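Shown next, in structure tokens, is the structure this report addresses.
Protein chains in written order, with this note's numbering: chain A, 266 to 515; chain B, 75 to 387.
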């Protein structure tokens with residue numbers, strides 16, 4: 266039997282009569298890089314928001330490692346080891362990259378409510394934070410103000426911060442969106458690198474990235490699953506070609 | 075920040091009553107603490123409360139009542155006022171953090187108006203008159219806070235001043251420590267990008283609520299001290315003007331800076347006292363100054379200074 270880290274059953278979301286996601290049965294195999302693709306408005310980001318409980322599903326259930334997590338809150342989901350990134354870069358702009366990564370590491374120390382302690386106690390995390398920044402090529406920018414970093418570097422920082430939590434399942438929402446060609450290659454390599462020993466579910470528009478990285482692909486259209494399989498299979502599927510790839514491969 | 079700067083500021087605080095009229099100086103300290111407490115929320119958590127007068131004024135009534143009617147010593151009165159503000163902060167905070175942005179501000183304003191109404195109508199608050207003639211009492215039952223020394227011919231209420239000064243330093247230290255703690259680090263993360271903080275596994279509501287309670291308690295402490303200084307708890311303290319004034323002070327001085335609220339409070343209180351002779355025109359003058367400041371230096375006095383010096387103050 267295949268080992269599914271994450272499974273959804275009939276996952277649905279309606280917004281006042283409009284069905285954004287309808288009866289999605291998603292199965293993510295442990296260790297895979299799984300890509301979620303589909304045309305604009307297909308409901309990819311909504312699925313992400315449902316999985317991380319930024320939205321509450323109208324119907325259906327979500328199972329992580331066999332446990333039903335449908336009724337849990339966002340922060341609890343994160344503590345279980347499902348950590349997401351966002352479509353627009355999610356960093357803390359007025360803090361330094363070092364502080365950004367430390368914030369992710371800090372949670373495990375269990376002192377985040379200790380308002381009476383000096384923050385010098387966090388210096389013990391610097392070494393690990395620098396390792397992570399180094400892994401994404403940001404070590405030399407550790408002390409700058411994050412807001413002033415180039416866009417590609419912010420995305421890299423976001424990945425470093427997500428990695429700091431050592432998540433079992435990483436959800437990446439369009440990691441290469443809005444990037445130049447060189448940055449896309451860098452991020453692709455980075456995602457490949459960090460996928461060791463963990464599972465990644467990513468929403469991605471860039472089909473080259475998907476073809477390079479994904480073990481398995483789910484195609485969404487109008488909130489429902491249109492096709493699923495390896496890139497070679499999916500890219501030959503006539504329905505998919507018509508709905509999505511056809512326009513993309515013109 | 076530099077140790078020498080702190081030492082210089084403390085020295086200034088210790089010597090101030092010999093130069094400046096002590097009551098005026100104590101008023102400055104009370105409002106500076108009030109604004110600093112407010113800044114913990116606005117500047118470091120990104121929450122705009124428009125009802126902080128409820129904590130400031132509410133605590134001043136409680137302290138006044140405890141000292142005047144129950145005959146408690148002043149330090150217990152201040153403690154009681156602060157605890158009351160903490161409890162009130164817990165209630166208001168629990169309700170308000172369910173909403174964000176302008177709605178958060180509106181909830182705090184609405185709840186503060188309820189406190190104002192209670193202060194106006196309740197039998198023990200003195201209604202329109204407020205609580206007058208609150209005794210300063212004996213600190214720990216030993217030191218007479220009302221005692222006046224004569225130094226070089228001028229009367230100085232040094233006992234009360236140093237009590238207020240010590241309490242101010244204590245409150246300010248708590249705020250400073252909170253900002254520079256692991257907890258404060260998470261608050262900044264929430265201010266910067268709340269969804270990201272959630273996705274890192276932080277229960278942001280709990281952090282916001284604790285920050286709200288700390289802020290409310292210290293705003294309460296400032297109000298408690300004020301009621302001892304002026305021997306008066308009045309409706310002005312709980313009115314929305316006071317809530318607005320503390321926003322003004324914080325913005326003028328520099329939101330999200332440690333020293334900004336101090337500078338802002340000093341500026342506004344000094345202007346109010348210097349310009350008191352011009353009557354109701356004072357609001358026009360302060361309003362104009364505020365507009366000019368916002369247009370010319372958006373980050374506030376200290377914020378702009380910090381930018382010039384390239385360090386956070």
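Even glycine gets a Cβ: it sits at the ideal position worked out from N, Cα and C.
Given the structure is predicted, the values throughout are model-derived calculations rather than measurements.
Is the beta carbon of residue 270 of chain A less than 9 angstroms from the beta carbon of residue 314 of chain A? Result no, Cβ atoms of residue 270 of chain A and residue 314 of chain A do not sit closer than 9 angstroms.
So what does DSSP say about residue 467 of chain A, is it helix, strand or coil? strand
Do you know offhand how far residue 584 of chain A's Cα is from residue 107 of chain B's? Residue numbering for chain A in the displayed model covers 266 to 515; residue 584 of chain A lies beyond these limits and cannot be assessed.
Whether residue 217 of chain B touches residue 237 of chain B by CB criterion (9 angstroms): Yes.
Can you give me, in chain order, the residues of the stretch 366-396 of chain A that have a beta carbon less than 8 angstroms from any beta carbon in chain B? 367, 368, 369, 371, 372, 374, 376, 377, 378, 379, 380, 381, 382, 383, 384, 386, 387
For residue 426 of chain A, I'd like the list of residues in its chain whose CB is within less than 6 angstroms of its CB, leaving aside the five on either flank, ordered along the chain. 365, 366, 369
Among B/143, B/342, B/361, B/321, which residue has its Cα nearest to the Cα of residue 120 of chain B? Closest option to residue 120 of chain B, judged by alpha-carbon separation, among B/143, B/342, B/361, B/321: B/321.
Alpha carbon to alpha carbon, how far is residue 123 of chain B from residue 309 of chain B? About 19 angstroms.
Pick out the complete alpha helix (DSSP H) segments inside the stretch 377-463 of chain A, 4 residues or longer, and give them in chain order. 391-400, 416-429, 446-459
Counted within 10 angstroms of its Cβ, other Cβ atoms place residue 104 of chain B as buried (16 or more) or exposed: buried
Limits of the unbroken beta strand (DSSP E) element including residue 293 of chain A: 292-294
Tell me whether residue 368 of chain B, by its Cβ, gets closer than 8 angstroms to a heavy atom of the ligand HEM. Among the ligands in the structure shown, none appear at all, so the ligand HEM cannot be discussed.
Contact between the stretch 290-300 of chain B and the stretch 415-435 of chain A: three or more CB pairs below 8 angstroms? no
If we count the other Cβ atoms within 10 Å of its Cβ and call it buried at 16 or more, is residue 322 of chain A buried or exposed? buried
Check for me: the beta strand (DSSP E) holding residue 273 of chain A runs from which residue to which? 269-280
Let me see if you follow: with CB-CB separation under 9 angstroms, is residue 272 of chain A close to chain B or not? no
Quick one, which residues of the stretch 321-341 of chain A are near chain B if we go by CB-CB under 7 angstroms, in chain order? 339, 340
With distance defined between alpha-carbon atoms, name the residue in B/370, B/134, B/387, B/315 nearest to residue 357 of chain B. B/315
Can you list, in chain order, the residues of its chain whose CB lies under 8 angstroms from that of residue 413 of chain A, leaving out five sequence neighbours each side? Once the five neighbours on either side are set aside, residue 413 of chain A has no close Cβ partner at all.
Answer yes or no: does any C-beta atom of chain A fall closer than 9 angstroms to that of residue 251 of chain B? Cβ-Cβ to chain A under 9 angstroms: yes for residue 251 of chain B.
In the DSSP assignment, what are the bridge partners of residue 481 of chain A? A/299
For residue 118 of chain B and residue 372 of chain A, which I take to be in contact (beta-carbon distance under 8 angstroms), what is that distance rounded to the nearest angstrom? In fact, because the Cβ distance is near 19 angstroms, the residues do not count as touching under 8 angstroms.
Below 8 angstroms on the Cβ atoms is my guess for residue 485 of chain A versus residue 325 of chain A; work out the distance and round it to an integer in Å. Going by Cβ atoms, the distance from residue 485 of chain A to residue 325 of chain A rounds to 15 angstroms, so no, they are not a contact pair.
Measuring straight from C-alpha to C-alpha, what distance separates residue 462 of chain A and residue 298 of chain A? 11 angstroms
Contact criterion: CB-CB distance below 9 angstroms. Does residue 312 of chain A meet it with respect to chain B? no
Residue 67 of chain B by DSSP, collapsed to three states: which one? The question about residue 67 of chain B has no answer, for chain B in this structure spans 75 to 387.
Ignoring anything shorter than 3 residues or poking outside the stretch 229-310 of chain B, list the beta strand (DSSP E) runs there in chain order. none
Does the CB of residue 358 of chain A have a neighbour CB from chain B at under 9 angstroms? yes
Out of B/338, B/370, B/151, which has the shortest C-alpha to C-alpha gap to residue 112 of chain B? It is B/338 whose Cα lies nearest to the Cα of residue 112 of chain B.
Contact between the stretch 391-399 of chain A and the stretch 239-252 of chain B: three or more CB pairs below 8 angstroms? Flag = no, the stretch 391-399 of chain A and the stretch 239-252 of chain B do not touch.
Please decide whether residue 280 of chain A counts as near chain B, where near means a Cβ-Cβ distance under 9 angstroms. Cβ-Cβ to chain B under 9 angstroms: no for residue 280 of chain A.
Closer than 7 angstroms at the beta carbon, the chain A residues around residue 257 of chain B: 377, 378, 379, 380
Under a three-way DSSP split, which group does residue 494 of chain A fall into? strand
Residues of the stretch 452-470 of chain A whose Cβ lies closer than 9 angstroms to any Cβ of chain C, in chain order: Protein chains in the displayed structure are A and B, and chain C is not among them.
Which value, in whole angstroms, describes the spacing of the CA atoms of residue 254 of chain B and residue 386 of chain A? 10 angstroms
Does the CB of residue 349 of chain A have a neighbour CB from chain B at under 9 angstroms? yes
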